[in-house]
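Below is one structure, written out as structure tokens; the observations come after it.
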Amino acid sequence: MSANGDEAFKVVPVRHVGQWIGMVVLALFIAMFVHTLFSKIPSGARVCHRVSGRYVCHAQFKWRFGWNVIFHYFTNGEILRGLVVTLELTALAMIAGIVLGIIVAIMRLSHNRLMSGVAWTYTWAFRGTPVYVQLLLWSFIAFLYPSFAIGIPFTHVYLFHFNSNNVFIPFTAAVVALGLNEGAYFSEIVRSGIIAVDEGQSEAAISLGMTRGQTLRLVVLPQAMRVIIPPTGNEVISMLKTTSLVVVAGVVELLGAVTNIYGETYQIMPMLLLASLWYLIVSTVLSIGQFYVERHFSRGALRTAPPTPIQRMRRDLRGIASKYRTKRGVQVGVGS
Amino acid sequence: MTQAMVEAIGVHKSYAGVEVLKGVNLTVARGEVTCLIGPSGSGKSTLLRCINHLEKHDAGELLVDGELVGYELRGDKLYELNDRRICHERSQIGMVFQRFNLFQNLNVLENITVGPIKVKDINEEQAKKFARELLVRVGLEGKERNYPTQLSGGQQQRVAIARALAMEPKLMLFDEPTSALDPELVGEVLDVMKDLARSGMTMIVVTHEMGFAKEVADTVYFLDQGVIEESGDPKTVLTSPSSPRLQSFLSKVL
Chain C
1 MSANGDEAFK VVPVRHVGQW IGMVVLALFI AMFVHTLFSK IPSGARVCHR
51 VSGRYVCHAQ FKWRFGWNVI FHYFTNGEIL RGLVVTLELT ALAMIAGIVL
101 GIIVAIMRLS HNRLMSGVAW TYTWAFRGTP VYVQLLLWSF IAFLYPSFAI
151 GIPFTHVYLF HFNSNNVFIP FTAAVVALGL NEGAYFSEIV RSGIIAVDEG
201 QSEAAISLGM TRGQTLRLVV LPQAMRVIIP PTGNEVISML KTTSLVVVAG
251 VVELLGAVTN IYGETYQIMP MLLLASLWYL IVSTVLSIGQ FYVERHFSRG
301 ALRTAPPTPI QRMRRDLRGI ASKYRTKRGV QVGVGS
Chain S
1 MTQAMVEAIG VHKSYAGVEV LKGVNLTVAR GEVTCLIGPS GSGKSTLLRC
51 INHLEKHDAG ELLVDGELVG YELRGDKLYE LNDRRICHER SQIGMVFQRF
101 NLFQNLNVLE NITVGPIKVK DINEEQAKKF ARELLVRVGL EGKERNYPTQ
151 LSGGQQQRVA IARALAMEPK LMLFDEPTSA LDPELVGEVL DVMKDLARSG
201 MTMIVVTHEM GFAKEVADTV YFLDQGVIEE SGDPKTVLTS PSSPRLQSFL
251 SKVL
């Protein structure tokens with residue numbers, strides 16, 4: 001466009017002054033933080049050298065974040081053993097929680113009052129008390145039930161009989177406590193997933209002659225999965241961190257190993273950072289897994305599955321390459 | 001003796017105190033196409049759902065293929081059927097829904113084969129072979145691997161018909177099969193249904209497609225407020241109705 005035929009208007013873009021100031025301030029803060037990451041501070045000790053017959057002393061410096069300590073203990077045997085326990089606890093408690101959650105959700109949606117009542121009460125009790133308290137309760141369960149037996153109720157005829165203290169060793173108590181707690185939360189996730197599936201789906205299944213079990217297994221649950229998976233990823237990552245509470249039950253997992261080590265070395269901050277790093281690494285791996293599981297269950301719900309990060313990267317690269325090609329083509333065209 | 005496929009005698013049904021069916025009498029002979037017409041809320045769909053056990057009727061007798069729906073008469077007592085028997089009876093009745101209700105998690109071929117494989121215990125190869133034949137019949141060969149969301153409404157409804165036919169039903173129920181379709185897609189579904197009627201399938205069709213009723217139906221029933229107001233052969237019922245309710249209904253629909 002032009003005003004008088006040969007001279008074009010100059011376009012003045014809107015100036016976002018506030019945004020620019022905000023960015024500068026934020027960049028400054030980031031720079032300051034990054035600097036602290038790699039800066040050194042006085043360790044409190046002094047070192048002295050003998051320089052031409054005289055002692056010259058100066059303060060000793062150390063990494064503020066104790067990188068050398070973190071690096072030294074990162075793959076320490078005790079830490080790795082703790083990490084394995086953390087992973088085992090997470091996996092077992094989640095498996096228990098998922099199985100329980102599915103059963104309880106189905107019970108909750110049952111038309112049978114006793115079934116739904118039991119399911120409701122379970123969720124009420126285990127969601128309504130702190131997991132920390134539950135961990136303690138299960139590790140001291142022998143005070144309430146010194147022994148367990150399988151036999152005829154209200155008689156002394158037993159098939160199996162075992163002592164609570166032998167069964168509820170810290171690790172099992174932790175798995176039971178975390179699993180039961182998770183089951184209460186997970187049942188609500190499953191229930192919301194089942195409710196989210198259109199009623200027409202189960203009507204169609206039933207009208208084909210499927211039993212209620214088949215309808216649930218072949219039609220409703222696979223579709224509920226799409227709703228269930230994202231919060232499940234959330235729960236797994238949450239469980240990974242909740243396992244750090246089992247220290248109270250006497251289980252030595254990642255955090256337990258870390259506290260054991262800093263109890264001896266007094267390197268508290270570096271060791272806590274080390275634990276945080278490990279938790280971050282595992283939760284990152286879990287998030288990546290979640291992406292692919294979600295993608296799998298989106299089948300049928302979306303017309304096309306969302307691209308994986310690798311596919312997206314390839315597409316972007318192709319886009320850049322083709323842009324480059326057309327640009328060159330245009331240039332050649334202009335030149336000739 | 002040629003027994004009727006469906007026989008309803010004084011069928012009642014209420015939902016939370018509201019009486020939807022107030023004593024419906026209806027007879028559907030084998031190989032016949034019956035159309036149920038009437039305003040919404042008249043109880044057409046409810047009657048269809050009672051025939052398929054999706055709802056339990058409260059009073060009256062409902063017989064499918066000479067057997068009581070949901071009950072068994074032994075001596076002078078009616079025994080309620082257990083779930084297994086009800087499932088078996090349902091598996092012999094095909095149902096097509098207004099909103100298709102194809103299984104979203106399964107592709108077209110799996111939608112059609114899941115019933116025969118899981119309910120009738122037919123082996124997978126045989127079920128797939130039959131499913132492909134049915135897809136040809138409804139004009140959807142080559143769509144086997146598509147998921148329902150990738151199909152148009154008309155295509156989905158044709159798959160739904162194939163899914164019901166895969167169970168080799170003795171009776172097909174259609175609950176407003178074209179009401180959720182774009183006008184230009186209605187024809188392709190009606191064509192499949194006409195073809196099915198010609199093949200001798202017993203069909204009960206709840207519909208607002210008066211042209212279809214006139215062309216294909218052997219009998220038309222007009223339901224209004226839970227009772228059959230008028231019934232008979234389509235030409236008489238649809239062109240020279242005697243009931244004033246039907247006259248006013250037709251004047252609005254046609």
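Residue numbers (my numbering), protein chains in the order written: chain C, 1 to 336; chain S, 1 to 254. Positions of the beta carbon are idealized from the N, C-alpha and C atoms, including for glycine. Keep in mind the model is a prediction, meaning the values are calculated, not measured.
Exposed unless 16 or more other CB atoms sit within 10 angstroms - verdict on residue i
| i | result |
| --- | --- |
| Leu144/C | exposed |
| Pro234/S | buried |
| Arg85/S | exposed |
| Val11/S | buried |
| Val237/S | buried |
| Ser251/S | exposed |
| Tyr79/S | exposed |
| Pro307/C | exposed |
| Leu48/S | buried |
| Cys35/S | buried |
| Asn165/C | exposed |
| Pro244/S | exposed |
| Gln311/C | exposed |
| Ser248/S | exposed |
| Thr284/C | exposed |
| Gly117/C | exposed |
| Asp76/S | exposed |
| Tyr279/C | buried |
| Ala313/C | Strictly speaking, residue 313/C in this sequence is Met, with Ala absent from that position. Answer is exposed; the Cβ neighbour count stays below 16. |
| Ala3/C | Because Ala3/C carries a pLDDT of 49, less than 50, the predicted location of this residue cannot be relied on, and the following value inherits that uncertainty. It counts as exposed. |
| Gly211/S | exposed |
Beta-carbon neighbours of residue i, restricted to chain C and to distances below 8 Å
| i | result |
| --- | --- |
| Arg145/S | Chain C residues near Arg145/S: none, gap ~11 Å exceeds 8 Å. |
| Asp191/S | Going along chain C, no residue has its Cβ under 8 Å from Asp191/S, so there is no contact; the nearest lies around 22 Å. |
| Lys118/S | Met210, Gln214, Leu218 |
8 Å Cβ cut-off: residues of chain S touching residue i
| i | result |
| --- | --- |
| Gly193/C | Near Gly193/C there are no residues of chain S at all, since even the closest Cβ is about 13 Å away, more than 8 Å. |
| Pro146/C | Within chain S, no residue comes near Pro146/C; the closest Cβ sits about 43 Å away, beyond 8 Å. |
Supposed contact pair residue j and residue i - C-beta distance, whole angstroms, cut 8 Å
| i | j | result |
| --- | --- | --- |
| Gly128/C | Val190/C | That pair is no contact at about 19 Å. |
| Val133/C | Ala119/C | The pair is not a contact, with the Cβ atoms about 22 Å apart (cut-off 8 Å). |
| Leu245/C | Met167/S | That pair is no contact at about 53 Å. |
| Ala196/C | Val227/C | 5 Å |
| Glu235/C | Tyr292/C | Not a contact, Cβ separation roughly 17 Å. |
| Ser187/C | Arg108/C | 6 Å |
| Val6/S | Ile37/S | Not really, about 17 Å apart at Cβ, beyond 8 Å. |
| Ile228/S | Val24/S | 6 Å |
| Ala59/C | Arg50/C | Ala59/C to Arg50/C, Cβ: 17 Å. No contact. |
Span of the beta strand (DSSP E) around residue i
| i | result |
| --- | --- |
| Val28/S | 18 to 28 |
| Met95/S | 93 to 96 |
| Val33/S | 33 to 37 |
| Val11/S | 6 to 15 |
| Glu61/S | 59 to 64 |
| Met203/S | 203 to 206 |
| Pro42/C | 40 to 51 |
| Leu173/S | 171 to 175 |
| Gly151/C | 147 to 151 |
| Lys77/S | 77 to 80 |
| Asp224/S | 219 to 224 |
Contact set between residue i and chain S, taken where Cβ atoms lie within less than 7 Å
| i | result |
| --- | --- |
| Thr339/C | Lying outside 1 to 336, the shown extent of chain C, residue 339/C is not represented and no answer is given. |
| Ala96/C | Within 7 Å Cβ-Cβ: nothing; Ala96/C doesn't reach chain S, min ~26 Å. |
| Pro222/C | Asn105 |
Chain C contact residues for residue i, given Cβ-Cβ distances below 7 Å
| i | result |
| --- | --- |
| His88/S | Gly209 |
| Asn123/S | Within chain C, no residue comes near Asn123/S; the closest Cβ sits about 17 Å away, beyond 7 Å. |
| Val114/S | Leu218 |
Extent of the continuous alpha helix (DSSP H) to which residue i belongs
| i | result |
| --- | --- |
| Val72/S | Before going on, a small fix: residue 72/S reads as Glu here, not Val. Unbroken run through Glu72/S is the beta strand (DSSP E), 71 to 74; no alpha helix (DSSP H). |
| Gly193/C | 170 to 196 |
| Tyr73/C | 67 to 73 |
| Phe33/C | 17 to 37 |
| Gln60/C | That residue, Gln60/C, is in no alpha helix (DSSP H); its beta strand (DSSP E) goes 54 to 63. |
| Ile117/S | 108 to 118 |
Neighbour list for residue i in chain C, Cβ cutoff strictly below 9 Å
| i | result |
| --- | --- |
| Arg99/S | Asp198, Gly200 |
| Asp83/S | Thr211, Arg212 |
Heavy atom of the ligand ATP within 6 Å of residue i beta-carbon
| i | result |
| --- | --- |
| Ala105/C | With respect to small molecules bound, the structure shown includes none, and the ligand ATP cannot be examined in it. |
Worksheet item: Three or more beta-carbon pairs under 8 Å between the stretch 42 to 55 of chain S and the stretch 13 to 31 of chain S, yes or no?
Response: yes
Discussion item. Quick check: the stretch 110 to 128 of chain S against the stretch 195 to 205 of chain S, are at least 3 beta-carbon pairs closer than 8 Å?
Written reply: no
Fill in: Sufficient close CB pairs (3 or more, under 8 Å) joining the stretch 56 to 76 of chain C to the stretch 261 to 275 of chain C
yes
Worksheet item: Counting pairs of beta carbons, one from the stretch 246 to 263 of chain C and one from the stretch 214 to 234 of chain C, are three or more of them closer than 8 Å?
Response: no
Item to complete: Taking 8 Å as the threshold, find out whether the stretch 72 to 92 of chain C comes into contact with the stretch 148 to 168 of chain C through three or more Cβ pairs.
Response: no
Item to complete: Report yes or no: do three or more beta-carbon pairs, one from the stretch 13 to 27 of chain C and one from the stretch 36 to 53 of chain C, lie closer than 8 Å?
Response: no
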